[in-house]
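Note that this note's numbering has the sequence shown beginning at 32, numbered continuously upward. Report on the structure given below.
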Amino acid sequence: MAAMISIQNVYKVFGVNAKQGLEMVLQSCDKRKVLEATGCSVGLTNVSLDIEEGEIFVVMGLSGSGKSTLIRHINRLIEPSAGAIKIRGKDVLKMGDAELRKLRQTTVSMVFQSFGLLPHWNVIDNAAYGLFVSGLSKKAARAQAMPWLEKVGLADYANKYPDELSGGMRQRVGLARALTVNAEVLLMDEAFSALDPLIRHDMQDLLLELQRSLKKTIVFVTHDLDEAIRIGARIAILRDGELVQVGTPQDILQRPANDYVRRFVDKRGNTEVSQPSAEVAHA
Numbered sequence: 032m033a034a035m036i037s038i039q040n041v042y043k044v045f046g047v048n049a050k051q052g053l054e055m056v057l058q059s060c061d062k063r064k065v066l067e068a069t070g071c072s073v074g075l076t077n078v079s080l081d082i083e084e085g086e087i088f089v090v091m092g093l094s095g096s097g098k099s100t101l102i103r104h105i106n107r108l109i110e111p112s113a114g115a116i117k118i119r120g121k122d123v124l125k126m127g128d129a130e131l132r133k134l135r136q137t138t139v140s141m142v143f144q145s146f147g148l149l150p151h152w153n154v155i156d157n158a159a160y161g162l163f164v165s166g167l168s169k170k171a172a173r174a175q176a177m178p179w180l181e182k183v184g185l186a187d188y189a190n191k192y193p194d195e196l197s198g199g200m201r202q203r204v205g206l207a208r209a210l211t212v213n214a215e216v217l218l219m220d221e222a223f224s225a226l227d228p229l230i231r232h233d234m235q236d237l238l239l240e241l242q243r244s245l246k247k248t249i250v251f252v253t254h255d256l257d258e259a260i261r262i263g264a265r266i267a268i269l270r271d272g273e274l275v276q277v278g279t280p281q282d283i284l285q286r287p288a289n290d291y292v293r294r295f296v297d298k299r300g301n302t303e304v305s306q307p308s309a310e311v312a313h314a
């Protein structure tokens, strides 16, 4: 069975001389030499991943590892320098403007660390934002968004404004907004990283609870191995734009691919591998 998302031999070079930089990368030059010769920085090097339908797939690594760059390729917020990206077998890179816009509105939703809420809109309108963009009337959009506010526990706050909410509440609004358009794929870029530990744990619980019934394909970016282990069915670890290891939480913990991964494992807390995450992802 074909993967929901297939990332095939993706490279990304940033800079004015990106074409020259890519040629050097393809000749196995390291990032430092590429930067010195061209002024370009290498974001991703030959990354290939298959992400299954209904899976919570976690991408992790340190700052600068390329994890956020990678998931922004899925909905083409960033254009690759080389490679292919397919969703349900369809090449995203071959989509025209209208088709790409439709993909972002109906198939792939994104949740950011910074919440991305409009401060002058109330909670219900922020949650319904994607529906407004798609052309739905205000009345219909709000009616469609309200059940999702109920699911994330914010129905009583529908008429409040973002500055009246806690950080955890704002992130719940962001999650509701992503779910309201009923997209098949959720991209969550460090979505819980700005939250206090207890609130972060609650948001992880909420995500797992919602996933039991929704069975979305979720690509979740984090720098925290404990979080990755708790929610992920599989984990990909990046370093300097290169894929280091892909596996289940048990694979990462018991068979780290190299010293880089082993350092993550050695520094982690006492989080247990969450059986529900695997069951949810593959239900």
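Yeah, the Cβ is synthetic: ideal placement off N, Cα and C, and Gly gets one too.
Enclosing beta strand (DSSP E) for residue i [first to last residue]
{"i": "F251", "result": "T248 to T253"}
Contact check, residue i vs residue j, beta carbons under 7 Å
{"i": "A172", "j": "F163", "result": "yes"}
{"i": "I118", "j": "I82", "result": "no"}
{"i": "I268", "j": "Q235", "result": "no"}
{"i": "K98", "j": "V275", "result": "no"}
{"i": "R107", "j": "L131", "result": "yes"}
{"i": "L217", "j": "S140", "result": "yes"}
{"i": "S96", "j": "R270", "result": "yes"}
{"i": "C71", "j": "N48", "result": "yes"}
{"i": "L284", "j": "V292", "result": "no"}
{"i": "S174", "j": "L180", "result": "With the sequence shown as reference, residue 174 is identified as Ala, and Ser is not the correct amino acid for it. For A174 and L180, no; Cβs fall outside 7 Å."}
{"i": "I38", "j": "A264", "result": "no"}
{"i": "V44", "j": "V78", "result": "no"}
{"i": "G120", "j": "A33", "result": "yes"}
{"i": "T138", "j": "G272", "result": "no"}
{"i": "Q136", "j": "S165", "result": "yes"}
Cross-strand partners of residue i (DSSP beta bridge)
{"i": "Q276", "result": "I268"}
{"i": "D220", "result": "F143 and V252"}
{"i": "D122", "result": "K117"}
{"i": "S244", "result": "According to DSSP, S244 bridges with nothing at all."}
Residue interval of the alpha helix (DSSP H) (run including residue i)
{"i": "G114", "result": "Segment A113 to I118 is the beta strand (DSSP E) holding G114; no alpha helix (DSSP H) there."}
{"i": "R286", "result": "Premise fails: R286 is in no alpha helix (DSSP H) and is neither H nor E."}
{"i": "L131", "result": "D128 to K133"}
Distance between beta carbons of residue j and residue i, contact taken as under 8 Å
{"i": "I230", "j": "V89", "result": "Their Cβ separation, rounded to whole angstroms, is 19 Å, which puts I230 and V89 out of contact at 8 Å."}
{"i": "Y42", "j": "A113", "result": "4 Å"}
{"i": "A209", "j": "V154", "result": "Rounded, the Cβ-Cβ distance is 14 Å, inconsistent with contact."}
{"i": "V212", "j": "N157", "result": "Not a contact, Cβ separation roughly 13 Å."}
{"i": "Q248", "j": "E84", "result": "Residue identity check: residue 248 is Thr in the sequence provided, not Gln. Yes, they are in contact, since the Cβ atoms of T248 and E84 sit about 5 Å apart, within 8 Å."}
{"i": "L226", "j": "G199", "result": "6 Å"}
{"i": "L148", "j": "P193", "result": "4 Å"}
{"i": "H20", "j": "G92", "result": "The requested residue 20 is not part of the displayed model; the chain covers only 32 to 314."}
{"i": "Q202", "j": "F223", "result": "7 Å"}
Going residue by residue through the stretch 42-110, where are the continuous alpha helix (DSSP H) segments of at least 4 residues, counting only ones entirely within it? 49-57, 62-69 and 98-105
Would you list, in sequence order, the uninterrupted beta strand (DSSP E) runs of no fewer than 3 residues that lie entirely inside the stretch 144-230? 216-220
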